[in-house]
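A.B. asks: I'd like to ask you about the structure that follows.
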């Protein structure tokens, strides 16, 4: 009798324990789901953390943080990301990022888990405006036609906008200049990694006397004399096989400069490759804030000129790049017209 009672008590306690565990897991799952849902409705934890009126939304499943000016981004970087003792990374998300992430789940995860995913490109900003606009359209048989007319009008009007580039467009080039300016004033350290010269067909050109990362660092130091450039190198590749050698080289430069971390790490391996490299290695250095920059070093080092203001104001910087770098044709075609067409198609299906 006593034994049977003990068995029943034990079974009851076990059931209670299992119930509590299940209840806890359900609550955790609900909390995670709520957090993921809030991430894209403008009420995410990140908004409260940064105390900035930004809104995180999905464009084709990719998180983009809208409503930020350059000053907002610099404030977040200096007042939050540099001060919490952790390693962070920023994605300058443009239409190419979003399109390539559709077929690359790892790249998609990296962008969506970034500390900031800023809109680098008018295409991303107008895609967001389009998706907001069509919410007011009545759903019905004519909805696809109305949505198409709305998107077409918005795209054409962007060519004649009087205010020029939207304030929330945060380009990798401009962000690099602003971060280096900030670093020169506050004594933050910077490192330049990656980047290689290309010919007219987009092929890498091996030039022993041209290390693009070093050249970019030197150009920035001339522009901002107080800038603490720990080092720069373009001699390593983004593949895992080079990770150890690359990190060892960065640490060697850090040792020579007498620093134990990098404040701003600028990585120019091309989109997806550079973000993968950053996610694998920033904690090994450590680097407080890292950012993938694509072809930014080409502009900073003076190898390629930035688009003239007349192109920029009409959101036609891609036309200028196509003229001077025809090898970009395939990439530009992906950003326009494939990207807006995919956004349109997805909007009428959902």
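Residue numbers (the numbering used here): 4 to 353. We put the beta carbon where it would ideally sit given N, CA and C, even for glycine. Fair warning: this is a prediction, and the values are worked out from it, not measured in the lab.
Note the first and the last residue of the continuous alpha helix (DSSP H) segment covering residue 1.
C.D. replies: Here the chain comprises residues numbered 4 to 353, so residue 1 is not present and cannot be evaluated.
A.B. asks: Ordered along the chain, which non-local residues of its own chain (more than five positions away) have a Cβ less than 8 angstroms from that of residue 279?
C.D. replies: In the chain shown, the residue the question calls residue 279 occupies position 276. Here the set comprises 109, 110, 113, 241.
A.B. asks: Determine the contact status of residue 219 and residue 304, defining contact as a CB-CB distance below 8 angstroms.
C.D. replies: If you number the chain shown from 1, residue 219 lands on position 216. If you number the chain shown from 1, residue 304 lands on position 301. Cβ distance < 8 angstroms, so residue 219 and residue 304 count as in contact.
A.B. asks: Under the assumption that residue 351 contacts residue 147 (Cβ atoms under 8 angstroms), give the Cβ distance between them as a whole number of angstroms.
C.D. replies: Position 348 of the chain shown, counted from the first residue, corresponds to residue 351. Position 144 of the chain shown, counted from the first residue, corresponds to residue 147. So it is a contact: roughly 5 angstroms between Cβ atoms.
A.B. asks: Please list, in chain order, all residues of the same chain as residue 245 whose beta carbon is under 6 angstroms from its beta carbon, the five residues on each side excluded.
C.D. replies: As a position in the chain shown, residue 245 is number 242, starting the count at 1. The residues are 239.
A.B. asks: Ignore the nearest five residues each way along the sequence and tell me which others in residue 323's own chain have a CB closer than 8 angstroms to its CB.
C.D. replies: Looking up residue 323 in the chain shown gives position 320. Closer than 8 angstroms at Cβ, skipping near neighbours: 310, 311, 314.
A.B. asks: Does the region 80 to 97 come within contact of the region 284 to 303, defined as at least 3 CB pairs closer than 8 angstroms?
C.D. replies: Flag = yes, the region 80 to 97 and the region 284 to 303 touch.
A.B. asks: Keeping to the same chain, check which residues put their C-beta closer than 8 angstroms to that of residue 85; ignore five residues upstream and five downstream.
C.D. replies: As a working mapping, residue 85 is identified with position 82 in the chain shown. So the qualifying residues of the chain are 191, 266, 291, 292.
A.B. asks: May I ask you to report which of helix, strand or coil DSSP gives residue 104?
C.D. replies: Position 101 of the chain shown, counted from the start, is the residue given in the question as residue 104. In this structure, residue 104 counts as helix in the three-state DSSP scheme.
A.B. asks: Looking only at its chain, what residues have a beta carbon closer than 6 angstroms to the beta carbon of residue 229, apart from the 5 residues adjacent to it on each side?
C.D. replies: Here residue 229 corresponds to residue number 226 of the chain shown, with the count starting at 1. So the qualifying residues of the chain are 187.
A.B. asks: Skipping 5 residues on each side, what residues in its chain have a beta carbon closer than 7 angstroms to that of residue 60?
C.D. replies: As a first step, residue 60 is located in the chain shown; it is residue number 57 there, counting from the start. Excluding positions up to five away in sequence, the list reads 43, 67, 69, 131.
A.B. asks: Please report how far the alpha carbon of residue 276 lies from the alpha carbon of residue 156, in whole angstroms.
C.D. replies: Here residue 276 corresponds to residue number 273 of the chain shown, with the count starting at 1. Here residue 156 corresponds to residue number 153 of the chain shown, with the count starting at 1. Roughly 35 angstroms separates the two Cα atoms.
A.B. asks: Where residue 196 and residue 252 are concerned, what is the direct C-alpha to C-alpha distance, given to the nearest angstrom?
C.D. replies: Taking the chain shown and counting its residues from 1, one reaches residue 196 at position 193. Taking the chain shown and counting its residues from 1, one reaches residue 252 at position 249. Distance between the alpha carbons of residue 196 and residue 252: 11 angstroms.
A.B. asks: How far does the alpha helix (DSSP H) with residue 221 in it reach, from first residue to last?
C.D. replies: The residue labelled residue 221 in the question sits at position 218 within the chain shown. Note, residue 221: alpha helix (DSSP H), 215 to 226.
A.B. asks: Taking its Cβ as the centre, do 16 or more other Cβ atoms sit within 10 Å of residue 237, making it buried, or is it exposed?
C.D. replies: On the chain shown, position 234 is the one that residue 237 refers to. Burial call: buried.
A.B. asks: Since residue 92 is in the beta strand (DSSP E), which residue starts that stretch and which ends it?
C.D. replies: Within the chain shown, the letter at position 89 stands for residue 92. First-last of the beta strand (DSSP E) with residue 92: 91 to 96.
A.B. asks: Which partner residues of residue 67 appear in the DSSP bridge assignment?
C.D. replies: In the chain shown, residue 67 corresponds to position 64, counting from 1. 60.
A.B. asks: Pick helix, strand or coil for residue 196, following the three-state DSSP scheme.
C.D. replies: Residue 196 sits at position 193 when you count from the first residue of the chain shown. The answer is strand: DSSP assigns residue 196 an E or B state.
A.B. asks: Please report the residue range of the beta strand (DSSP E) in which residue 163 lies.
C.D. replies: For the purposes of this step, residue 163 is taken as the residue at position 160 of the chain shown. Careful: residue 163 lies outside any beta strand (DSSP E) and carries neither H nor E.
A.B. asks: From what residue to what residue does the beta strand (DSSP E) around residue 266 run?
C.D. replies: One-based indexing of the chain shown puts residue 266 at position 263. Residue 266 -> beta strand (DSSP E) spans 265 to 271.
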